[in-house]
Amino acid sequence: MVGLSEGEKHFIRGGIAQDIRTDGRKRLQFRALSVETGVIPQANGSARVRLGATEIIASVKAELGKPSILHPDKGKVSIFVDCSPTAEPTFEGRGSEELSTELAVALQRCLLGGKSGAGAAIDLSSLIVVDGKVCWDLYIDGLVVSSDGNLLDALAAAIKVALSDTGIPKVNVSLSAANDEEPEVDVSDEEFLQFDTSSVPVIITLTKVGRHYIVDATSEEESQMSSAVSVSVNRHGQICGLTKRGGAGLDPSVIFDMISVAKHVSQQFIGVLDSEIAAAEAEADE
Amino acid sequence: MRDLNLSLNQTQRVRLEAALHELQSLVPAAASAAAVTVADTIPVNQEDNILKYISLSQENTIKEDTISLFVCADGLVWCRGHGTSDQDGEVVATLCGVVERVNKLVYVRTLRARYKPEVGDIIVGRVIERRRTAVDELNMRSIFVENDVICVSTILALSVEVDNCFIFCFSDFKSVFAYVVVLTHADTLRVINHQAEVRGFQHDGSLHLQARSEKYGKVHASSATLPVTFNVQFPTSLDITGYATVPLYHYQSVPFYASNLAFMNCKNVLLQLERGQLLTVPPYLVKRKKQHFHHLAQYDVDLILGCNGFIWVGEHVLVGENVKTTEDQQKYEADNFTPLETRKHICRLANAIRVLSALGFTLTVELIIETAEASVSSNVEVNDMLGAEFYVQTAEREAKRRAALLRKKNGGR
Numbered sequence: 001m002v003g004l005s006e007g008e009k010h011f012i013r014g015g016i017a018q019d020i021r022t023d024g025r026k027r028l029q030f031r032a033l034s035v036e037t038g039v040i041p042q043a044n045g046s047a048r049v050r051l052g053a054t055e056i057i058a059s060v061k062a063e064l065g066k067p068s069i070l071h072p073d074k075g076k077v078s079i080f081v082d083c084s085p086t087a088e089p090t091f092e093g094r095g096s097e098e099l100s101t102e103l104a105v106a107l108q109r110c111l112l113g114g115k116s117g118a119g120a121a122i123d124l125s126s127l128i129v130v131d132g133k134v135c136w137d138l139y140i141d142g143l144v145v146s147s148d149g150n151l152l153d154a155l156a157a158a159i160k161v162a163l164s165d166t167g168i169p170k171v172n173v174s175l176s177a178a179n180d181e182e183p184e185v186d187v188s189d190e191e192f193l194q195f196d197t198s199s200v201p202v203i204i205t206l207t208k209v210g211r212h213y214i215v216d217a218t219s220e221e222e223s224q225m226s227s228a229v230s231v232s233v234n235r236h237g238q239i240c241g242l243t244k245r246g247g248a249g250l251d252p253s254v255i256f257d258m259i260s261v262a263k264h265v266s267q268q269f270i271g272v273l274d275s276e277i278a279a280a281e282a283e284a285d286e
Numbered sequence: 001m002r003d004l005n006l007s008l009n010q011t012q013r014v015r016l017e018a019a020l021h022e023l024q025s026l027v028p029a030a031a032s033a034a035a036v037t038v039a040d041t042i043p044v045n046q047e048d049n050i051l052k053y054i055s056l057s058q059e060n061t062i063k064e065d066t067i068s069l070f071v072c073a074d075g076l077v078w079c080r081g082h083g084t085s086d087q088d089g090e091v092v093a094t095l096c097g098v099v100e101r102v103n104k105l106v107y108v109r110t111l112r113a114r115y116k117p118e119v120g121d122i123i124v125g126r127v128i129e130r131r132r133t134a135v136d137e138l139n140m141r142s143i144f145v146e147n148d149v150i151c152v153s154t155i156l157a158l159s160v161e162v163d164n165c166f167i168f169c170f171s172d173f174k175s176v177f178a179y180v181v182v183l184t185h186a187d188t189l190r191v192i193n194h195q196a197e198v199r200g201f202q203h204d205g206s207l208h209l210q211a212r213s214e215k216y217g218k219v220h221a222s223s224a225t226l227p228v229t230f231n232v233q234f235p236t237s238l239d240i241t242g243y244a245t246v247p248l249y250h251y252q253s254v255p256f257y258a259s260n261l262a263f264m265n266c267k268n269v270l271l272q273l274e275r276g277q278l279l280t281v282p283p284y285l286v287k288r289k290k291q292h293f294h295h296l297a298q299y300d301v302d303l304i305l306g307c308n309g310f311i312w313v314g315e316h317v318l319v320g321e322n323v324k325t326t327e328d329q330q331k332y333e334a335d336n337f338t339p340l341e342t343r344k345h346i347c348r349l350a351n352a353i354r355v356l357s358a359l360g361f362t363l364t365v366e367l368i369i370e371t372a373e374a375s376v377s378s379n380v381e382v383n384d385m386l387g388a389e390f391y392v393q394t395a396e397r398e399a400k401r402r403a404a405l406l407r408k409k410n411g412g413r
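Listed in order, the protein sequences are those of chains A and B. Note that UniProt numbering has the first sequence beginning at 1, numbered continuously upward. Note that UniProt numbering has the second sequence beginning at 1, numbered continuously upward.
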């Protein structure tokens with residue numbers, strides 16, 4: 001981002017105040033969303049999501065591993081985010097570390113829930129193969145290919161789509177193993193279990209510019225923000241996570257208002273995303 | 001400009017392909033004959049040559065561009081330019097494009113070439129950098145290179161940080177007129193408004209400016225619209241990256257804030273482009289025309305098509321207007337937002353430009369206005385202009401328009 005002149009900044013602020021943003025969108029309108037699944041054949045599940053000019057590729061890889069001692073009946077999921085230098089020249093080398101960790105942490109909070117694994121988007125108990133011995137480790141990677149604002153929303157959407165595209169191979173455990181031995185597992189190449197992603201939440205980021213909030217800010221609009229609140233909402237309208245960025249302080253009533261706006265917008269977004277997923281799956285089946 | 005990612009349904013895809021196919025068929029066949037792709041042999045006509053034998057040991061490389069001499073099998077000489085290489089005694093294309101021949105030079109001109117600035121071009125640029133010159137008291141923010149395009153910068157910004165200021169608009173004259181504004185450090189700005197003609201380009205990408213005459217360099221200090229006195233310079237030649245050859249006189253430094261910039265009362269006034277948006281399109285879509293700076297009176301909008309692919313759509317700025325002072329700067333905010341109607345027009349035009357550039361059509365004012373009007377008449381919402389339906393409609397409309405034009409041309413003959 002080279003930077004904007006005062007006049008341009010003024011124009012953007014004026015647009016947000018008057019409800020016509022630079023590309024004609026209303027304050028609570030998303031950009032065009034396009035979804036592709038199966039972009040990475042070697043991964044268990046992958047997706048590429050384009051939200052306007054922001055492009056994210058997410059992939060899910062599943063590997064067999066040992067569950068942690070504290071939670072022997074749960075699998076493990078870890079989320080990583082990488083910002084590619086193709087998005088911004090400043091992302092080269094270690095330039096993107098801060099942003100990537102911030103995004104990864106925010107995603108973990110919203111999608112994974114607490115340490116006990118409760119309330120996670122993905123039911124970790126479904127990842128277990130043999131209690132205490134073998135479980136599935138899911139590695140979710142998000143790659144920011146092109147960045148034009150609203151990375152968090154796009155990442156969450158990409159992860160949701162990737163999860164819906166994920167197939168965990170069926171595992172046959174040989175029952176004859178003794179109790180303290182490593183059981184033999186036979187990973188089938190044929191059958192896959194699909195994830196149920198209806199409970200995966202999406203993240204809606206509300207960016208406050210002046211006195212109004214906008215949804216799906218472009219990077220120009222984000223440069224004008226005073227603060228941003230990212231709310232993760234699931235299909236039932238429940239809040240799964242909340243992150244606030246930006247230096248300006250917000251009145252609590254404003255936060256509540258933003259949360260309710262986010263809930264309202266999220267239902268629409270989930271609807272759009274689901275129909276896109278269905279369309280992508282239909283195409284994949286063809 | 002990034003492409004619009006559109007999900008077209010089946011009918012839309014069919015319609016789009018039909019429209020694009022029609023557009024392609026309208027292109028005269030002769031043009032495609034000169035087109036080559038990589039590894040095509042370029043026919044080098046031996047008879048056109050004046051015989052000139054050069055021994056193979058002499059390699060002439062002219063400038064830093066790779067122009068090398070190619071000696072044909074029978075000793076005739078052709079100059080091989082960009083995009084060609086010789087293989088087995090034949091000139092072979094290394095790029096996809098159109099073969100151009102100029103005297104004895106053969107080269108391949110790509111269709112999507114990078115922007116090559118020429119004297120007389122109108123460009124729109126963003127100031128991003130300052131360069132210090134040998135004239136120490138003055139930090140000249142003069143020429144900078146943005147995105148490898150030579151842009152001449154001008155005005156500047158705030159009293160404290162002269163940072164990203166905006167664009168500049170050149171006049172529609174044959175030469176690129178530039179305002180070179182010279183700044184010093186934070187609180188005191190000395191402004192030199194200086195009109196210069198581009199005399200040429202230097203190797204490191206900077207422009208060589210030359211002031212035309214006394215008349216142009218002088219500022220009417222007595223004019224009421226100028227709150228600042230100027231430091232006037234009459235160089236006969238001002239090499240921006242080098243040194244100013246002329247004594248400075250008439251000089252006064254005044255605390256000055258950028259919003260106080262005044263405009264000279266003459267034709268080539270520089271406009272500080274304020275409220276609006278800057279769009280980036282591929283530079284090959286903007287052809288050089290007579291007029292690049294359009295004031296669309298019916299919308300009260302300025303549309304400036306820069307040859308470097310930067311397009312400015314914004315509120316109309318009056319020439320010679322006295323810009324607000326700092327006290328007004330606070331009022332700059334809420335009260336002064338662009339009126340809604342103007343903003344809608346700006347957004348419509350901007351979206352029209354986005355759609356047209358995504359389709360790859362050459363941008364002309366008429367086409368942009370026509371697209372914007374069509375969106376109004378078909379009741380397309382402003383942001384829906386970036387949707388699939390309007391995209392396909394625009395392609396169809398353009399195909400029809402060009403077909404009609406061709407028919408008229410052919411019928412008229």
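In this text, a Cβ means the ideal position worked out from N, Cα and C, and glycines have one as well. Since we're looking at a predicted model, the values are computed, not measured.
DSSP, reduced to helix, strand and coil, places C135/A within a strand of the structure shown. Cβ neighbours of I12/A within its own chain (closer than 7 Å, five residues either side excluded): T22, E220, E221, Q224. The beta carbon of A284/A sits closer than 7 Å to the beta carbons of T37, G38 from its chain, once the five residues preceding and following it are set aside; these are given in chain order. Nearest neighbour of G24/A by Cα position, chosen from E366/B, V92/B, L340/B, turns out to be L340/B. The alpha carbon of F390/B has as its nearest neighbour, out of V355/B, E17/B, I369/B, the alpha carbon of V355/B.
Here G95/A carries a coil assignment [DSSP, helix/strand/coil]. The alpha-carbon of K344/B is positioned some 8 Å away from that of V382/B.
Every beta strand (DSSP E) of 3 residues or more that sits fully in the UniProt domain "Exoribonuclease phosphorolytic" (29-169) of chain A is shown, in chain order, as 33-37, 45-51, 54-65, 76-83, 128-130, 134-146.
A straight line joining the alpha-carbon of G314/B with that of G52/A spans about 22 Å.
Minimum Cα-Cα distance from F337/B among the listed residues L8/B, G276/B, L405/B corresponds to G276/B. Residue pairing by DSSP places D86/B opposite V91/B in a beta bridge. Interface annotation for the stretch 4-36 of chain A against chain B: L4, S5, E6, G7, E8, H10, F11, G14, G15, A17, Q18, I20, T22, D23, G24, R25, Q29, A32, S34, criterion Cβ-Cβ distance under 7 Å. Per the Cβ contact rule, the stretch 296-316 of chain B is in contact with the stretch 346-353 of chain B (3 or more Cβ pairs under 8 Å). Using a Cβ-Cβ cut-off of 8 Å, L278/B is close to E8 of chain A, given in chain order. Chain A has no Cβ within less than 8 Å of the Cβ of F361/B.
If you draw a straight line from the Cα of C79/B to the Cα of A87/A, it is about 40 Å long. A157/A is the residue among A280/A, P252/A, A157/A whose C-alpha sits nearest the C-alpha of F269/A. Restricting attention to S199/A, Y213/A, R211/A, the CA atom closest to the CA of H236/A is found in S199/A. Per the coordinates, the alpha-carbon of R402/B lies some 42 Å from the alpha-carbon of G89/B. With the rule of 3 Cβ pairs closer than 8 Å, the stretch 226-235 of chain A does not count as touching the stretch 128-138 of chain A. A residue is called buried when at least 16 other Cβ atoms come within 10 angstroms of its Cβ; D302/B meets this threshold and is buried. For G309/B, not one C-beta of chain A is nearer than 8 Å to its own C-beta. Going by DSSP, S199/A is part of no beta strand (DSSP E) at all; its letter is neither H nor E.
Its Cα nearest to that of L152/A, the residue A217/A stands out among A217/A, Y139/A, I168/A.
In the displayed model, S226/A falls within coil according to three-state DSSP, outside both helix and strand. Looking at the DSSP output, K244/A shares a beta bridge with V229/A. If you compare the alpha carbons of D148/A, N234/A, E92/A, R31/A with that of I259/A, the shortest gap goes to N234/A.
Rounded to whole angstroms, the gap between the alpha carbons of L285/B and L363/B is 6 Å. Between V202/A and S266/A, the gap from beta carbon to beta carbon is short of 8 Å. Boundaries of the alpha helix (DSSP H) around T371/B: 365-377. Between A350/B and chain A, the shortest Cβ-Cβ separation is below 8 Å.
Within chain A, the residues A32 have their CB atoms less than 9 Å from the CB of G387/B, given in chain order. Exposed is the label assigned to T90/A, since fewer than 16 other Cβ atoms lie within 10 Å of its Cβ. Taking the C-beta atoms as reference points, V161/A is found nearer than 8 Å to V49/A. Using a CB distance cut-off of 8 Å, C96/B does not count as an interface residue toward chain A.
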